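Engineer:
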Amino acid sequence: TGGRVIVSFCRVGGVQCDLTPEQVSKIISVCDEIEDEIRKTGLIFINDTSVKNRLRGVGYISKEDAAELCAVGPTARGSGIDNDVRSYTQSYRDLGFEPILYDEGDCLARCRVRIDELMQSLDIIRNGLRNLPGGEWRVPVKGNPPAGEYAFRVEQPRGEAFYYVKGNGTKNLDRARVRTPTNINIPAMVRMLQGCSLQDVSMIVITIDPCISCTER
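Following the numbering used here from start to finish, the sequence shown increments by one per residue and tops out at 526.
This is the structure we're talking about:
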């Protein structure tokens with residue numbers, strides 16, 4: 310409907326509230342529990358012989374084609390392209406972040422990227438919490454945004470999201486635009502589908518994890 314209300318932790322100028330040591334310990338404990346579940350299900354699934362035989366070689370896209378079609382996220386990294394925005398962010402580099410890459414370019418490679426990134430995300434959360442700096446957790450933001458243009462990229466689970474805003478010095482923006490990762494991955498998905506069997510269509514499509522709302526424009 311476009312009328313979503315999302316209660317989130319992030320706020321303009323900082324975060325909703327500070328974390329207590331007890332909350333930090335609880336979050337780390339939950340991450341450990343989630344990791345156990347991933348090892349029981351995700352890793353067993355992706356290493357199953359029948360699963361590998363079903364996914365291997367299906368929905369192939371080469372590294373060159375993925376780059377030419379501007380694929381992002383696991384769709385690109387499954388073809389060996391290092392375009393993870395987090396690689397260029399100092400805070401992630403401080404946590405020892407390294408992008409997950411597979412070169413095979415098929416459904417199996419894209420699934421492996423996602424499974425590995427689940428485990429990696431848990432490590433990022435735990436490392437971030439253990440190295441959480443002190444100090445102010447929110448700064449006051451007053452007045453209207455200045456006139457001018459600003460663009461920003463952020464890595465989402467499906468890939469790079471690109472945000473653009475143009476202000477005029479009032480509370481109303483002249484322009485705001487979001488380029489979603491699903492939308493930019495559609496050309497790569499079309500290339501994957503060329504010449505495939507009908508029974509493979511749904512499986513290929515789901516490996517880019519499409520968000521229909523992101524493409525309904």
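Using N, Cα and C, we set each Cβ at its ideal position, and we do this for glycine too.
Values in this document were obtained by computation on a predicted structure and should not be read as measured data.
Return helix, strand or coil for residue 460, following the three-state DSSP convention.
Structural biologist: Here residue 460 corresponds to residue number 151 of the sequence shown, with the count starting at 1. Of the three classes helix, strand and coil, the one that applies to residue 460 here is strand, per DSSP.
Engineer: With a cut-off of 8 Å, do at least 3 Cβ pairs link the region 486-500 to the region 459-471?
Structural biologist: yes
Engineer: Starting from residue 471, follow its DSSP beta bridges and name the residues at the other end.
Structural biologist: Counted from its first residue, the sequence shown places residue 471 at position 162. Paired residue(s): 462, 488.
Engineer: Quick one: grab the DSSP three-state call for residue 505.
Structural biologist: Translated into positions along the sequence shown, residue 505 becomes position 196. It is coil, neither helix nor strand.
Engineer: How long is the line joining the alpha carbons of residue 441 and residue 512, rounded to whole angstroms?
Structural biologist: Position 132 of the sequence shown, counted from the start, is the residue given in the question as residue 441. Position 203 of the sequence shown, counted from the start, is the residue given in the question as residue 512. Whole-angstrom Cα-Cα distance: 40 Å.
Engineer: Sort out for me which residues DSSP pairs residue 323 with in a bridge.
Structural biologist: For the purposes of this step, residue 323 is taken as the residue at position 14 of the sequence shown. DSSP lists 320, 447 as partners of residue 323.
Engineer: Going by DSSP, what residue range makes up the alpha helix (DSSP H) through residue 385?
Structural biologist: In the sequence shown, counting from the first residue as 1, residue 385 sits at position 76. Taken as a continuous stretch (DSSP letters only), the alpha helix (DSSP H) holding residue 385 covers 382-386.
Engineer: Check the C-beta distance from residue 419 over to residue 355 and give it rounded, since I have them as a contact under 8 Å.
Structural biologist: Numbered from 1 along the sequence shown, position 110 holds the residue referred to as residue 419. Numbered from 1 along the sequence shown, position 46 holds the residue referred to as residue 355. With a Cβ gap of about 11 Å, residue 419 and residue 355 do not count as contacting.
Engineer: So, is residue 516 buried or exposed, given that buried needs 16 or more other C-beta atoms within 10 angstroms?
Structural biologist: In the sequence shown, residue 516 corresponds to position 207, counting from 1. Residue 516 should be labelled buried.
Engineer: Could you give the DSSP three-state label for residue 414: helix, strand or coil?
Structural biologist: Reading the sequence shown from its first residue, position 105 is the one you call residue 414. Looking at residue 414 - three-state DSSP - the assignment turns out to be coil, as it is neither helix nor strand.
Engineer: Is it buried or exposed for residue 456, if we count other Cβ within 10 angstroms and need 16 for buried?
Structural biologist: The sequence position of residue 456 within the sequence shown is 147, counting from 1. Residue 456 comes out exposed.
Engineer: Label residue 391 either buried or exposed according to how many other C-beta atoms from any shown protein chain fall within 10 Å of its C-beta, with 16 as the threshold for buried.
Structural biologist: Indexing the sequence shown from 1 puts residue 391 at position 82. Counting other Cβ atoms within 10 Å of its Cβ, residue 391 stays below 16 and is therefore classed as exposed.
Engineer: With burial defined as no fewer than 16 other Cβ atoms inside 10 Å of the residue's Cβ, what is the status of residue 425: buried or exposed?
Structural biologist: Residue 425 sits at position 116 when you count from the first residue of the sequence shown. Buried, by the Cβ-count rule.
Engineer: Taking the beta carbon of residue 396 as the centre, do at least 16 other beta carbons fall within 10 Å, making it buried, or is it exposed?
Structural biologist: Start at 1 with the first residue of the sequence shown, and residue 396 comes out as number 87. Classification of residue 396: exposed, given that the 10 Å Cβ count is below 16.
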